[in-house]
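So the structure is just underneath, and the comments pick up after that.
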Amino acid sequence: MMHRLISALAFTLFASSSLAGAASAQDYAYTLIQNDENVGYLRVEKDGASETVTYHVDSNGRGPKHTESITLNDAQLPVSWTVEGTSLMGAGVNENFALKDGVAVWSSQADSGRESVSEPTLYAINDGSPWADYVYARALLQDEDGTLPVLPSGSISLEKIDDVSIDHEGETIGLTLYRLSGIDLGASLIALDEDGIFFTNFSMIRDGYVDLLPRLQSISRKKRDERLSRLARDLRHTFDQPFAIANVRVLDPIDGDLGEPVMVTVDGNRIASIEPWSADAVVQTGMSVFDGEGGTLMPGLWDMHSHASSTSGLYYLAAGVTSTRDMGNDNEFLADLLAKQETGALIGPRITPAGFIEGRSPYSARHGIIVASEEEAVDAVNWYADRHYPFIKIYNSMTPAWVPAMATAAKARGMRVIGHVPAFTNADSMIKAGYSEITHINQLMLGWLLQPGEDTRTPLRLTGMARGAGLDLRAEKVEATIALMQENSVGVDPTAVILERLMMSRAGQVQEGDAAYLDHMPVGYQRYRKRTFVTLEDDAADAAYVEGFQRVLDTLKLLHESGIRILPGTDDKTGFTVHRELELYEKAGIPTGDVLRIGLWGPAEYLGYGEELGTIEPGKLADFALVPGNPLENLSAIRNPRMVVKNGDAYFPSEIYEALSIKPFSERPQFITSDRLSAEEVQSVRYDGERDYIKHFPMQADGLPVDPATLPFSAAVRVGDIIYFSGQIGRGGETFEDDARQVMETIKALAERTGTDMSSIFKCTVMIDDMSKWPAFNEVYKTYFEPGKMPARSAFGADGLALGAPIEVECMAYAPQVASSALTAPKSGGGWLVWLLGGLVLLLAGALGFVIGRQRA
Numbered sequence: 001m002m003h004r005l006i007s008a009l010a011f012t013l014f015a016s017s018s019l020a021g022a023a024s025a026q027d028y029a030y031t032l033i034q035n036d037e038n039v040g041y042l043r044v045e046k047d048g049a050s051e052t053v054t055y056h057v058d059s060n061g062r063g064p065k066h067t068e069s070i071t072l073n074d075a076q077l078p079v080s081w082t083v084e085g086t087s088l089m090g091a092g093v094n095e096n097f098a099l100k101d102g103v104a105v106w107s108s109q110a111d112s113g114r115e116s117v118s119e120p121t122l123y124a125i126n127d128g129s130p131w132a133d134y135v136y137a138r139a140l141l142q143d144e145d146g147t148l149p150v151l152p153s154g155s156i157s158l159e160k161i162d163d164v165s166i167d168h169e170g171e172t173i174g175l176t177l178y179r180l181s182g183i184d185l186g187a188s189l190i191a192l193d194e195d196g197i198f199f200t201n202f203s204m205i206r207d208g209y210v211d212l213l214p215r216l217q218s219i220s221r222k223k224r225d226e227r228l229s230r231l232a233r234d235l236r237h238t239f240d241q242p243f244a245i246a247n248v249r250v251l252d253p254i255d256g257d258l259g260e261p262v263m264v265t266v267d268g269n270r271i272a273s274i275e276p277w278s279a280d281a282v283v284q285t286g287m288s289v290f291d292g293e294g295g296t297l298m299p300g301l302w303d304m305h306s307h308a309s310s311t312s313g314l315y316y317l318a319a320g321v322t323s324t325r326d327m328g329n330d331n332e333f334l335a336d337l338l339a340k341q342e343t344g345a346l347i348g349p350r351i352t353p354a355g356f357i358e359g360r361s362p363y364s365a366r367h368g369i370i371v372a373s374e375e376e377a378v379d380a381v382n383w384y385a386d387r388h389y390p391f392i393k394i395y396n397s398m399t400p401a402w403v404p405a406m407a408t409a410a411k412a413r414g415m416r417v418i419g420h421v422p423a424f425t426n427a428d429s430m431i432k433a434g435y436s437e438i439t440h441i442n443q444l445m446l447g448w449l450l451q452p453g454e455d456t457r458t459p460l461r462l463t464g465m466a467r468g469a470g471l472d473l474r475a476e477k478v479e480a481t482i483a484l485m486q487e488n489s490v491g492v493d494p495t496a497v498i499l500e501r502l503m504m505s506r507a508g509q510v511q512e513g514d515a516a517y518l519d520h521m522p523v524g525y526q527r528y529r530k531r532t533f534v535t536l537e538d539d540a541a542d543a544a545y546v547e548g549f550q551r552v553l554d555t556l557k558l559l560h561e562s563g564i565r566i567l568p569g570t571d572d573k574t575g576f577t578v579h580r581e582l583e584l585y586e587k588a589g590i591p592t593g594d595v596l597r598i599g600l601w602g603p604a605e606y607l608g609y610g611e612e613l614g615t616i617e618p619g620k621l622a623d624f625a626l627v628p629g630n631p632l633e634n635l636s637a638i639r640n641p642r643m644v645v646k647n648g649d650a651y652f653p654s655e656i657y658e659a660l661s662i663k664p665f666s667e668r669p670q671f672i673t674s675d676r677l678s679a680e681e682v683q684s685v686r687y688d689g690e691r692d693y694i695k696h697f698p699m700q701a702d703g704l705p706v707d708p709a710t711l712p713f714s715a716a717v718r719v720g721d722i723i724y725f726s727g728q729i730g731r732g733g734e735t736f737e738d739d740a741r742q743v744m745e746t747i748k749a750l751a752e753r754t755g756t757d758m759s760s761i762f763k764c765t766v767m768i769d770d771m772s773k774w775p776a777f778n779e780v781y782k783t784y785f786e787p788g789k790m791p792a793r794s795a796f797g798a799d800g801l802a803l804g805a806p807i808e809v810e811c812m813a814y815a816p817q818v819a820s821s822a823l824t825a826p827k828s829g830g831g832w833l834v835w836l837l838g839g840l841v842l843l844l845a846g847a848l849g850f851v852i853g854r855q856r857a
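In my numbering, the protein residues as written are 1 to 857.
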């Protein structure tokens, strides 16, 4: 705490001089851009320590519109912060924070509180604007370690990412990029100018520089993807040999059955076999086997209504979702994302894209392609068809009269037509025009609830659902629509969870659908989920939304009983909502077995992937999740996957959630070895010999120990005070530099596992298959050691390195054992002999590798 107080006092001296000249001239203006469209603005009037922020967004008929008043102390920490206006869907906002005499008091839609404060502390605004990130960054820059506690709870950190220069109309603009993390889902990037003033968050940018945004966004994507690529390497576990999950029961979503205990073996990206399992079963020597502990192995979940982002894949995989359908995106971004997933640079579920087409209007959504004529609309269809999109998705502002031509063009190219029901028409008309699927259950029901001429391009398409309280599902208009759906095999992507989040949101309350996971989330997200998104004028309005949502559930049951295909989608990116969407189907009265068929098998069948996905069978793609318990008896068991496999790669949700600053919900399964030892027991295994002087460290595969009895070498061997590292290889990266970095990271991790660090390494031997890459390797290598204290090194070119790797490095470290160590040197004076023999072994191994490599060449 003391260093923060000192920092605050130091900044006071600076602030007293710099703020003295502050005046109303310190005004700032920013523009919000989405998909190259201007959708909002932010204006800041700064007068000394006071700031007035006006924020206005109008995108797709929605957006916050409010005014903030902020008062800062000398340490740039807010001592007063108020927000008044409306939130995303028009609900009122009246948030207040004040800090006086060491006592903080606040009230917001989510909560209210009072707390004594004895050190510099930030308040996490609940209904703020992008300026809030600058408020945080400005304060964190004055803190010694860039981290401050946050009210109501948690902490926030600032990390400098890079300095960049960018030219604009003859002017060179210097910017510093920072990453903010700790209170929200994921981290956010912000760029400050050379005066330390907010310049852009890469969607909102200072007026006069909007044309720079594409270049700046490219920079931010690169920085973001570098971090995500590192996470991909750390979180994806691949296997060069078959692996298995034993003692599991396989869920068959088609028949709704749970099988007897089995062991499922994966080879490459496919399921190799499914064999009976018993307590005395013998595990194949050398194979990695995970203990399912009697849990359920179910096919991967689907989200048939996603809007993919660079980070959404992490949340989906952690939730057991291995396949999604993207329902509208920036087309260039999505193509880049798909390419990065294909190469392994980013991880996430497989994505089936739908081509987003919107009509030009003041309410247009800023995704995909926006058209202003029927000809442009048909051209857009063909643009997507040329790029092998299987769907086009039509949105609210599309002119209904153009839809038949679009549907004809789409079907001629083998595409399905899906989407919202455009304004001023209804689902019946769109089904007749060629729709194969209605997106969102409210888009279906609004045709039964609204009057002709009412505009669904506005939030009415959501708030109008309160009228459902009086809907009679036996009405002729309801029966007519369902009959049309049956006759034309039209399905529905309900996204009921989004309607629940809207219609059942109440200030300060945790919704039923959020209760299972919300307390594991960062505080900013917890508070966000406790906001009101609808205006409740009185108790009658409250009751109408409650009854209106019940009618949504009743409609779901009616559709299911009428044989209408339900395709589970969420319109969200967190994965948690996939679980809730299925729970809502069960709550509506759909039998649990049918719900699981809808969630696991239905999308695979609908998309034509049934031969590869949707069930767990030998020969199919290895796509499944290990969950505790039996989802047929308790559907909510799907919320806690312990292990997720997609295309044969394994992911452990506990690892992913920790990387995302989310408290994990489950533990990864233990490892079973051929002699039935647990992972902890395997780590303690040593070979015969002088146990008090020689210690062997077993190899690890994907973070798990490999039974040492099955391998001809150890990862490392400690002999007295010397640790000998086996050669480590790097392969599979996008570039040679990625492979080189992988080698050095592996050595670093091995050093830490053996109780030392990189500074203890005194000798390395490098084997490289192409000596022209030597300079590139050196650039990576030298970053892992202190300048001037590099290890001794030898190197040679060698073809035929293990597993086709382009680089291999082996090292030795000097790590004297402390007196309390269980490993003590032998009493005889034979230490010099161990050194000599160890050195000779390494020299002989290197020479042998050189000869073998040359012979293969």
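Note that the Cβ used here is the ideal one computed from N, Cα and C, for glycine as well.
Apart from the five residues just before and just after Asp162, which ones in its own chain have a Cβ nearer than 6 Å to its Cβ?
Here residue 162 corresponds to residue number 162 of the sequence shown, with the count starting at 1. Answer for Asp162: Leu177, listed in chain order.
Just list the beta strand (DSSP E) runs in the region 313 to 351, keeping only unbroken ones of 3 residues or longer that don't cross its boundaries, in chain order.
Uninterrupted beta strand (DSSP E) stretches at least 3 residues long and entirely within the region 313 to 351 occur at 321 to 326, given in chain order.
Applying the criterion that 16 or more other CB atoms from any shown protein chain within 10 Å of the CB defines a buried residue, is Trp774 buried or exposed?
What you label residue 774 is simply residue 774 of the sequence shown in a count that begins at 1. Label assigned to Trp774: exposed.
First and last residue of the alpha helix (DSSP H) that includes Gln142?
Within the sequence shown, residue 142 is the residue found at index 142, counting from 1. Per DSSP, Gln142 belongs to no alpha helix (DSSP H) and is neither H nor E.
When the Cα atoms are used, what is the spatial distance from Ala819 to Ala715?
Mapped onto the sequence shown, residue 819 falls at position 819. Mapped onto the sequence shown, residue 715 falls at position 715. Here the model assigns Ala819 a pLDDT of 35, short of 50, so the residue's position is not dependable, and the following value carries that caveat. Their backbone Cα atoms lie some 25 Å apart in a straight line.
Do you know offhand how far Gly359's Cα is from Tyr435's?
For the purposes of this step, residue 359 is taken as residue 359 along the sequence shown, with counting starting at 1. For the purposes of this step, residue 435 is taken as residue 435 along the sequence shown, with counting starting at 1. Looking at the two C-alpha atoms, the distance is approximately 17 Å.
Is it the case that the Cβ atoms of Gly419 and Tyr384 are separated by a distance below 8 Å?
Translated into the one-based positions of the sequence shown, residue 419 becomes position 419. Translated into the one-based positions of the sequence shown, residue 384 becomes position 384. No, the Cβ-Cβ distance between Gly419 and Tyr384 is not below 8 Å.
As an exercise, report each continuous alpha helix (DSSP H) stretch of at least 4 residues that is fully enclosed by the region 536 to 572, in chain order.
The alpha helix (DSSP H) runs of length 4 or more contained entirely in the region 536 to 572 are, from start to end of the chain, 539 to 561.
Are the region 363 to 375 and the region 643 to 654 touching, with three or more C-beta to C-beta distances below 8 Å?
no
Hey, how far is the Cα of Gly563 from the Cα of Gln486?
Here residue 563 corresponds to residue number 563 of the sequence shown, with the count starting at 1. Here residue 486 corresponds to residue number 486 of the sequence shown, with the count starting at 1. Whole-angstrom Cα-Cα distance: 7 Å.
Using CA coordinates, which residue listed in Asp267, Gly313, Leu600 is at the minimum distance from Ala244?
The sequence position of residue 244 within the sequence shown is 244, counting from 1. Of the candidates Asp267, Gly313, Leu600, the one whose C-alpha sits nearest the C-alpha of Ala244 is Asp267.
Below 8 Å on the Cβ atoms is my contact criterion, and I expect Thr322 with Gly300 to pass it. Report the Cβ-Cβ distance as a whole number of Å.
For the purposes of this step, residue 322 is taken as the residue at position 322 of the sequence shown. For the purposes of this step, residue 300 is taken as the residue at position 300 of the sequence shown. Their Cβ separation, rounded to whole angstroms, is 3 Å, which keeps Thr322 and Gly300 in contact under 8 Å.
What residue range does the beta strand (DSSP E) around His56 cover?
Here residue 56 is taken as the residue at index 56 of the sequence shown, counted from 1. Element bounds for His56: 50 to 57.
Here's the rule I'm using: 16 or more other beta-carbon atoms within 10 Å means buried, otherwise exposed. How should Asp234 be labelled?
For this step, residue 234 is matched to residue 234 along the sequence shown. Flag for Asp234 reads exposed.
Below 8 Å, how does it come out for the region 251 to 260 and the region 182 to 190: are there three or more Cβ pairs, yes or no?
no
For Gln217, tell me which candidate among Ile33, Leu122, Met327, Ser69 has the shortest Cα-Cα distance.
In the sequence shown, residue 217 corresponds to position 217, counting from 1. Per the Cα distances, Ile33.
Out of Tyr28, Ser87, Thr71, state which residue places its alpha-carbon closest to the alpha-carbon of Val534.
Working through the sequence shown from its first residue, we reach residue 534 at position 534. Here the closest residue by C-alpha is Ser87.
Starting from the C-beta of Gly689, find all residues in its chain whose C-beta is less than 8 Å away, skip the five residues before and the five after it, and write them out in chain order.
The residue labelled residue 689 in the question sits at position 689 within the sequence shown. Only weak support exists for where Gly689 lies, its pLDDT of 34 falling under 50; the value from the coordinates is given anyway. Closer than 8 Å at Cβ, skipping near neighbours: no residue.
Using a threshold of 8 Å, state whether the C-beta atoms of Ile347 and Met521 are closer than that.
To locate residue 347, count along the sequence shown from 1; it is residue 347. To locate residue 521, count along the sequence shown from 1; it is residue 521. No, the Cβ-Cβ distance between Ile347 and Met521 is not below 8 Å.
When DSSP labels each residue in this structure, what does Glu611 get in the three-state scheme?
Numbered from 1 along the sequence shown, position 611 holds the residue referred to as residue 611. Residue state for Glu611 is assigned as coil, using DSSP reduced to three classes.
Of the residues Tyr316, Tyr209, Thr147, Asp257, which one's Cα is nearest the Cα of Met643?
One-based indexing of the sequence shown puts residue 643 at position 643. The residue with the shortest Cα to Cα distance from Met643 is Tyr316.
Are the region 199 to 219 and the region 575 to 588 touching, with three or more C-beta to C-beta distances below 8 Å?
no
Taking Ile897 as part of the alpha helix (DSSP H), name the residues at either end of that continuous run.
Examination of residue 897 is not possible in this model, given that the chain is present from 1 through 857 alone.
Is the separation between the beta-carbon of Asn331 and that of Ala308 shorter than 8 Å?
Here residue 331 refers to the residue found at position 331 of the sequence shown. Here residue 308 refers to the residue found at position 308 of the sequence shown. Result no, Cβ atoms of Asn331 and Ala308 do not sit closer than 8 Å.
Would you say Leu607 reaches chain B, if we count a Cβ-Cβ gap shorter than 8 Å as a contact?
Protein chains in the displayed structure number just one, and chain B is not present.
Compare the C-alpha of Ala805 against each of Ser760, Gly447, Glu734 and name the closest.
Translated into the one-based positions of the sequence shown, residue 805 becomes position 805. Ranking the options by Cα distance to Ala805, first place goes to Glu734.
Return helix, strand or coil for Met89, following the three-state DSSP convention.
Stepping through the sequence shown from its first residue, residue 89 is reached at position 89. It is coil, neither helix nor strand.
Where do the N-terminal and C-terminal ends of the alpha helix (DSSP H) with His579 fall, by residue?
Here residue 579 corresponds to residue number 579 of the sequence shown, with the count starting at 1. For His579, the uninterrupted alpha helix (DSSP H) run begins and ends at 576 to 587, by DSSP.
At 3 residues or longer, and completely inside the region 780 to 814: list those beta strand (DSSP E) runs for me, N to C.
Within the region 780 to 814, the beta strand (DSSP E) runs of at least 3 residues that lie entirely inside it are, in chain order, 792 to 797, 807 to 814.
Could you tell me which residues DSSP pairs with Asp291 in its beta bridges?
Mapped onto the sequence shown, residue 291 falls at position 291. BP columns for Asp291 point to Ala246.
Flag this pair as touching only if the region 523 to 532 and the region 151 to 165 have three or more C-beta atom pairs under 8 Å; answer yes or no.
yes
By Cβ distance below 7 Å, which residues in the same chain neighbour Asn94 in space, the five residues on each side in sequence not counted?
Position 94 of the sequence shown, counted from the first residue, corresponds to residue 94. If we look at Asn94 and ignore the five residues flanking it on each side, its Cβ neighbours are Glu84.
Helix or strand or just coil, what does DSSP make of Asp858?
Absent from the structure is residue 858, since the part of the chain shown begins at 1 and ends at 857.
Residues in its own chain within less than 7 Å of Ser654 by CB, not counting five upstream and five downstream?
Translated into positions along the sequence shown, residue 654 becomes position 654. Only Pro664, Ser666, Glu667, Arg668 meet the Cβ criterion.
Between the C-alpha atoms of Tyr585 and Glu500, what's the straight-line distance to the nearest angstrom?
Along the sequence shown, one-based indexing puts residue 585 at 585. Along the sequence shown, one-based indexing puts residue 500 at 500. Whole-angstrom Cα-Cα distance: 12 Å.
Below 8 Å on the Cβ atoms is my guess for Val717 versus His696; work out the distance and round it to an integer in Å.
The count along the sequence shown starts at 1 and reaches residue 717 at position 717. The count along the sequence shown starts at 1 and reaches residue 696 at position 696. Contact holds; Cβ gap of about 5 Å.
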